[in-house]
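S.K.:
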Amino acid sequence: MKWKGKDLFDLVCRALGLRETWFFGLQYSMKGMCTWLKMDKKVLDQEIPKEDPVSFHFLAKFYPEKVEEELLQEITQHLFFLQVKKQILDEEIYCSPEATVLLASYAVQAKYGDYDPNFHEPGFLAHDELLPKRVLRQYQLTAEMWEEKITAWYAEHRGIARDEAEMNYLKIAQDLEMYGVNYFPIQNKNHTDLLLGVDAKGIHIYSINNRFSPNKSFEWSSIRNISYSEKELTIKPLDKKAEVFKFFSSQLKVNKLIFQLCIGNHDLFMRRRKVDSIEIQQMKAQAREEKARKKMENQRLAREKQLREEAERAKEELERRLFQLEDEARQANEALLRSQEAAELLAEKAQIAEEEAKLLAQNAAEAEQERQRLEITALKSKEEKRLMEQKMREAELIAVKLVKESDRRAKEAEHLKQDLHEAREAERKAKQKLLDITRINYPVSSAPLLDMMAKVSRTFSQEPSLCFFLVPSPTTKKIGLKYGSMKIQKLKILRRHQKLQKWLNICSSWGDKPQINPRSD
1 MKWKGKDLFD
11 LVCRALGLRE
21 TWFFGLQYSM
31 KGMCTWLKMD
41 KKVLDQEIPK
51 EDPVSFHFLA
61 KFYPEKVEEE
71 LLQEITQHLF
81 FLQVKKQILD
91 EEIYCSPEAT
101 VLLASYAVQA
111 KYGDYDPNFH
121 EPGFLAHDEL
131 LPKRVLRQYQ
141 LTAEMWEEKI
151 TAWYAEHRGI
161 ARDEAEMNYL
171 KIAQDLEMYG
181 VNYFPIQNKN
191 HTDLLLGVDA
201 KGIHIYSINN
211 RFSPNKSFEW
221 SSIRNISYSE
231 KELTIKPLDK
241 KAEVFKFFSS
251 QLKVNKLIFQ
261 LCIGNHDLFM
271 RRRKVDSIEI
281 QQMKAQAREE
291 KARKKMENQR
301 LAREKQLREE
311 AERAKEELER
321 RLFQLEDEAR
331 QANEALLRSQ
341 EAAELLAEKA
351 QIAEEEAKLL
361 AQNAAEAEQE
371 RQRLEITALK
381 SKEEKRLMEQ
391 KMREAELIAV
401 KLVKESDRRA
411 KEAEHLKQDL
421 HEAREAERKA
431 KQKLLDITRI
441 NYPVSSAPLL
451 DMMAKVSRTF
461 SQEPSLCFFL
471 VPSPTTKKIG
481 LKYGSMKIQK
491 LKILRRHQKL
501 QKWLNICSSW
511 GDKPQINPRS
521 D
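Just so you know, the UniProt record's numbering puts 165 at position 165 of the sequence shown, and the rest follows in order with no gaps.
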């Protein structure tokens with residue numbers, strides 16, 4: 001195979017679409033030492049491993065001084081991002097813990113885009129290598145705690161595109177002390193172990209235990225010549241009066257590699273300070289156009305994303321509102337059903353209450369009637385009681401009067417008995433006298449006279465004026481009955497006495513006249 005190193009390199013660059021080829025090279029490992037494939041020599045003529053297949057690594061060989069100005073293509077930027085990120089994670093470039101968290105947040109933004117709490121749930125970074133093992137060992141924090149810290153920064157990068165996130169990553173990384181520096185072990189003329197570092201700005205001499213701060217630096221602008229002879233490396237300053245520095249490496253290959261890197265970095269250093277070639281100008285113009293187009297595209301995508309998010313939020317709001325309305329409608333329907341049931345129940349209760357009210361009204365009316373009846377009864381009872389009391393008082397008065405009347409009538413009855421006895425005695429005497437007179441005056445017969453006396457007696461008994469009726473009352477029945485009969489007998493006797501007296505007078509008058517035979521009538 002007659003391919004040169006450049007042929008293989010160009011094939012890879014075309015496959016990647018890479019035009020900024022001057023930053024990159026093909027690296028392979030030979031006997032534990034990393035070596036770069038030479039572009040002007042055939043691949044098989046170089047000291048490559050006799051393996052099948054042979055592994056070459058397409059890596060950045062030279063680093064820009066200012067990434068935002070020199071890295072024109074997005075693919076170039078992306079390749080640098082991947083390489084620098086790997087160097088930081090492999091601790092080839094030292095980075096403080098705070099800076100590693102910030103760089104990790106930009107790496108997450110470049111990989112996952114904008115943070116979405118609904119999509120990026122806790123644990124979504126569990127399989128991503130974002131922090132150096134040294135940092136993880138330095139702080140006793142769990143993976144969840146580190147993820148929380150990274151996510152806090154990640155959430156603030158909203159709206160940053162992938163290429164912008166990668167560029168921000170490189171801007172922070174290029175300020176690190178070990179960024180873009182290739183270190184080689186050397187010795188000075190005193191056989192002191194040192195480190196020689198080559199980067200885009202010049203050559204630096206470090207102590208063996210300190211790769212951050214160089215003891216001596218040679219900028220490319222101050223170097224007149226660099227040469228090597230076997231294991232010796234010579235650096236001649238531009239100032240001829242200045243001291244020439246000589247260093248010694250362990251192998252000739254190391255000096256060759258140092259010399260190769262110095263030439264490449266010096267060429268790029270000088271190119272940056274010259275007018276850009278037409279190709280570079282075209283590439284920069286295309287890069288600017290591409291960036292402007294991407295910026296507009298990103299803005300359009302951002303607007304579309306914003307509109308989509310707003311539409312999704314509006315949709316979610318509408319769905320939420322619809323769900324809320326459905327829930328409200330369901331609740332209203334349930335409330336309506338409950339209201340209907342309550343209305344029916346209330347109607348039943350109202351009907352029952354109405355019936356109860358009617359029953360209560362009826363009971364109240366009956367109670368009122370009963371009350372009125374009881375009042376009337378009470379009034380009647382009071383009146384009856386009053387009347388009874390009055391009657392009792394009257395009865396007591398009557399009883400007293402009757403007792404007095406009884407006593408009085410008893411006395412009168414006694415007098416009447418006496419008068420009756422006297423009247424009967426007088427009647428007897430009158431009869432006797434009449435008989436005596438009759439015998440004397442009318443000796444012939446006394447029968448007509450007796451008939452006349454009998455007629456007088458009948459007349460006396462049948463005369464209305466002589467009839468006396470005493471209607472007994474319940475209160476005087478027992479007391480006045482005897483008194484009345486005695487009164488009547490007294491009156492009858494008096495009448496008879498008067499009649500007899502009249503007849504006696506008549507008979508006396510007859511004694512002076514001629515005698516008349518009664519039978520002649």
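Idealized CB from N, CA, C, for every residue including glycine.
(1) May I ask you to report which of helix, strand or coil DSSP gives Thr476?
(2) When the Cα of Phe218 is compared with those of Lys382, Glu243, Phe23 and Glu341, which residue comes out closest?
(3) Run through the region 1 to 40 for me and flag every whole alpha helix (DSSP H) of 4 or more residues, listed as ranges in chain order.
(4) List the whole-angstrom C-beta distance separating residue 534 from Leu26, where the pair is believed to meet the contact cut-off of C-beta under 8 Å.
(5) Phe80 lies in the alpha helix (DSSP H); which residues open and close that run?
(6) Mind reading off the beta-carbon distance from Gln73 to Ala287? Whole number of angstroms is fine, and I expect it under 8 Å.
(7) If you check the beta carbons only, do Leu196 and Ile203 fall under 9 Å apart?
(8) List the endpoints of the continuous alpha helix (DSSP H) containing His266.
(9) What ranges does the beta strand (DSSP E) occupy inside the region 141 to 214, keeping only unbroken runs of at least 3 residues that lie completely in it?
(10) For Ala107 versus Tyr183, is the C-beta spacing smaller than 9 Å?
(11) Compute the minimum distance between the beta carbon of Gln286 and the heavy atoms of the ligand COA, and state whether it is under 8 Å.
(12) Whose C-alpha, out of Phe247, Asn209, Ser227 and Ser229, is nearest the C-alpha of Asn190?
(13) For Ser222 and Leu238, what's the separation of their Cα atoms in angstroms?
(14) For Lys42, which beta-bridge partners are listed by DSSP?
(15) Could you spell out where the beta strand (DSSP E) holding Lys111 opens and where it closes?
(16) For Lys216, report the span of its beta strand (DSSP E) as first-last.
(17) Whether or not the region 83 to 101 and the region 130 to 144 are in contact is what I'm after, with contact meaning three or more pairs of Cβ atoms, one per stretch, closer than 8 Å; do they touch?
(18) Do Thr21 and Asp10 have their C-beta atoms within less than 9 Å of each other?
(19) Please list the terminal residues of the continuous alpha helix (DSSP H) segment that includes Leu136.
(20) Look up Ala60 in the DSSP assignment and say whether it is helix, strand or coil.
(21) So, for Phe269: in the same chain, excluding its five sequence neighbours on each side, which residues have a beta-carbon less than 6 Å away from its beta-carbon?
(22) Would you mind working out which of Arg19, Ala15, Met33 and Ile160 sits nearest Gln282, comparing C-alpha positions?
(23) Counting C-beta neighbours from all protein chains within 10 Å, is the total for Lys502 16 or more, i.e. buried, or is it exposed?
(24) Mapping the DSSP letters down to three states, classify Ile278 as helix, strand or coil.
M.R.: To lay it out plainly:
(1) The predicted model places Thr476 with a pLDDT of 45, which falls under 50 and marks its position as unreliable; any figure quoted below should be read in that light. Thr476: coil per DSSP, three-state reduction.
(2) Answer by Cα proximity: Glu243.
(3) The qualifying runs are 5 to 16.
(4) Because residue 534 is not part of the residues shown, which for the chain are 1 to 521, the question remains open.
(5) Element bounds for Phe80: Glu74 to Leu89.
(6) 7 Å between Cβ atoms; contact.
(7) Yes, Cβ-Cβ distance for Leu196 and Ile203 is below 9 Å.
(8) Start and end: Leu252 to Arg272.
(9) With a minimum length of 3 residues, the continuous beta strand (DSSP E) runs that stay inside the region 141 to 214 are 182 to 187, 193 to 198 and 202 to 207.
(10) No, the Cβ-Cβ distance between Ala107 and Tyr183 is not below 9 Å.
(11) As far as ligands go, the structure on display features none, and thus does not contain the ligand COA.
(12) Nearest option by C-alpha distance: Phe247.
(13) Approximately 5 Å, taken between the alpha carbons.
(14) Its beta-bridge partners are Lys4.
(15) Careful: Lys111 lies outside any beta strand (DSSP E), inside the alpha helix (DSSP H) at Pro97 to Tyr112.
(16) Unbroken beta strand (DSSP E) run through Lys216: Lys216 to Glu219.
(17) Yes: at least three Cβ pairs fall under 8 Å.
(18) Yes, the pair counts as a contact, with Cβ atoms nearer than the cut-off.
(19) Its alpha helix (DSSP H) spans residues Lys133 to Gln138.
(20) Three-state DSSP puts Ala60 in a strand.
(21) If we look at Phe269 and ignore the five residues flanking it on each side, its Cβ neighbours are Trp220.
(22) Check the Cα spacing between Gln282 and each of Arg19, Ala15, Met33 and Ile160: the tightest is with Arg19.
(23) Exposed is the call here.
(24) In the structure shown, Ile278 adopts helical secondary structure according to DSSP, grouped into three states.
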